[in-house]
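Reviewing the structure listed below.
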Amino acid sequence: MRLPVRKLRLAADLRLAPILFHAAALAGLGFPAAAQTDANFHGWLQYFGSHGLGRSRLAAHLEAQVRRHDVARSWQNLLLRPALQARLHPNFDVTAGYGFISHHRYGSYPIRRAWNEHRLFQDARVQHAAGRARLLHRFRFENRWLENRQFENRFRYMARITVPLRGPYSLALWNEVFLPVKPERFPGAFDQNRASVLFGKRLSDHLRVEAGYMLQTVWQRNGRVREDNHALVLAISSTMPFFSGR
Numbered sequence: 032m033r034l035p036v037r038k039l040r041l042a043a044d045l046r047l048a049p050i051l052f053h054a055a056a057l058a059g060l061g062f063p064a065a066a067q068t069d070a071n072f073h074g075w076l077q078y079f080g081s082h083g084l085g086r087s088r089l090a091a092h093l094e095a096q097v098r099r100h101d102v103a104r105s106w107q108n109l110l111l112r113p114a115l116q117a118r119l120h121p122n123f124d125v126t127a128g129y130g131f132i133s134h135h136r137y138g139s140y141p142i143r144r145a146w147n148e149h150r151l152f153q154d155a156r157v158q159h160a161a162g163r164a165r166l167l168h169r170f171r172f173e174n175r176w177l178e179n180r181q182f183e184n185r186f187r188y189m190a191r192i193t194v195p196l197r198g199p200y201s202l203a204l205w206n207e208v209f210l211p212v213k214p215e216r217f218p219g220a221f222d223q224n225r226a227s228v229l230f231g232k233r234l235s236d237h238l239r240v241e242a243g244y245m246l247q248t249v250w251q252r253n254g255r256v257r258e259d260n261h262a263l264v265l266a267i268s269s270t271m272p273f274f275s276g277r
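Residue numbering for the sequence shown follows our numbering, starting at 32 and increasing by one per position.
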C-alpha cells in the first residue's frame with residue numbers, strides 16, 4: 032500500500048524534531064544539582080534586520096532586543112547588536128560585529144548590581160532543506176568584557192527548524208546551547224540553554240513577524256541557583272535592502 036506523499040513529507044519533518052530536544056537534554060547534563068531554582072516570567076521584544084548593501088554580497092545586520100522581567104514590569108536585559116554580514120553562498124553566510132548588553136537585577140536571587148557588557152562576536156550560518164522544512168545551524172563565538180574588566184569567551188550553537196504551514200504562516204522550533212570556553216570561569220559545562228516554539232507570518236517579501244514561547248535556563252555564576260525563565264516572545268525580522276543597487 033502506497034502512503035500519500037503528503038504523509039511521507041510530514042513524517043520526514045517530524046523526524047527532525049528530536050535533534051532539538053536532544054540538544055536541550057544535553058544542556059541539562061552540564062548543570063550541577065541546584066540548591067535553589069528560580070522561576071521567572073519575561074517578555075522579549077526583538078528586531079532582526081539583514082539589510083543588503085547594493086549589489087554586493089554584504090549586508091548590515093542590525094539587532095535590538097528589549098527583555099523585560101515580570102512580562103513587562105521591569106528590566107531583564109537590553110541588547111544592541113550591529114554587525115556586518117557576508118553571504119558567501121545562498122545557504123551560507125558569516126557575520127562579525129559588536130554587542131552591548133545591559134544586565135539588571137530581577138527575580139528571587141538577583142545579581143549584586145546592574146552592569147553593562149561589551150562583546151565582539153563572529154558567527155557562521157548554514158541552511159538546507161529537509162523535506163518541506165528548512166533547517167538552520169548557527170555557530171557563534173563570543174569575546175566578552177564583563178564587569179570589573181573580566182574577559183571571557185563563549186561558544187554558542189543553535190539549531191532551528193522552520194516548517195511552512197498554509198499560506199504565509201509557519202512554525203519554528205529552535206534550541207541553542209551556550210558553552211563556556213577558557214578563560215571563562217563557570218561552575219558547569221554549560222552556562223545557558225534556550226528552547227523556543229514560534230508561530231510566524233510573512234507580511235511582505237521583506238518583513239515577517241513571529242510570536243511564541245521560550246524557556247531560558249540559566250545557571251548563575253555563584254553555582255547555587257538555576258533560573259528557569261519563561262518568556263513570551265515577539266520578533267520582527269526585516270530584509271529590506273538599504274540600497275537597491277540599480
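All C-beta atoms in this analysis are idealised placements derived from N, C-alpha and C, irrespective of residue type, glycine included.
Computed from a prediction, not measured in an experiment: that's the story for all the values here.
- Following the DSSP letters along the chain, one finds Phe209 inside the beta strand (DSSP E) bounded by residues 200–212.
- One alpha carbon belongs to Ala145, the other to Arg197, and they sit about 45 angstroms apart.
- If you look at Ser133, you'll find it in the beta strand (DSSP E) that goes 123–134.
- Cβ-Cβ separation between Tyr129 and Leu109: approximately 14 angstroms, too far for a contact (criterion under 8 angstroms).
- For Phe182, the CB contacts under 8 angstroms within the same chain, skipping 5 residues up- and downstream, are Asn174, Arg175, Trp176, Pro214 in chain order.
- Annotation for Pro113: the continuous beta strand (DSSP E) segment containing it runs 105–120.
- Here the segment 259–266 lies against the segment 69–84, with 3 or more beta-carbon pairs under 8 angstroms apart.
- Residue state for Arg86 is assigned as coil, using DSSP reduced to three classes.
- Below 8 angstroms, too few C-beta pairs join the segment 90–98 and the segment 155–172 to call them touching: fewer than three.
- The shortest C-alpha to C-alpha distance from Glu178 to any of Phe209, Val194, Leu93, Phe131 is the one to Phe131.
- Cβ atoms of Val212 and Arg180 stay farther apart than 8 angstroms, at about 18 angstroms.
- The beta carbons of Leu89 and Pro113 sit no closer together than 7 angstroms.
- Classified as buried, Asn206 has 16 or more neighbouring CB atoms from the shown chains inside 10 Å of its CB.
- Ranking Ser235, Val208, Val264 by CA distance to the CA of Thr248 puts Val208 first.
- In the structure shown, the three-state DSSP call for Arg185 is strand.
- Between the beta-carbon of Leu263 and that of Gly138 there is about 17 angstroms, and that puts the pair past the 8 angstroms contact cut.
- Comparing alpha carbon positions, the residue from His135, Ala155, Glu148 closest to Gln116 is Ala155.
- One alpha carbon belongs to Phe273, the other to Thr193, and they sit about 26 angstroms apart.
- Boundaries cannot be given for Leu177, as no beta strand (DSSP E) includes it and DSSP labels it neither H nor E.
- Ser275 places its beta carbon 7 angstroms or farther from that of Phe79.
- Spatial neighbours of Asp236 in its own chain (CB-CB distance under 6 angstroms, excluding positions within 5 residues in sequence) are not present.
- Leaving aside the five residues that flank Gln77 on each side, the residues in its chain whose CB is nearer than 6 angstroms to its CB run, in chain order, Gln96, Ala266.
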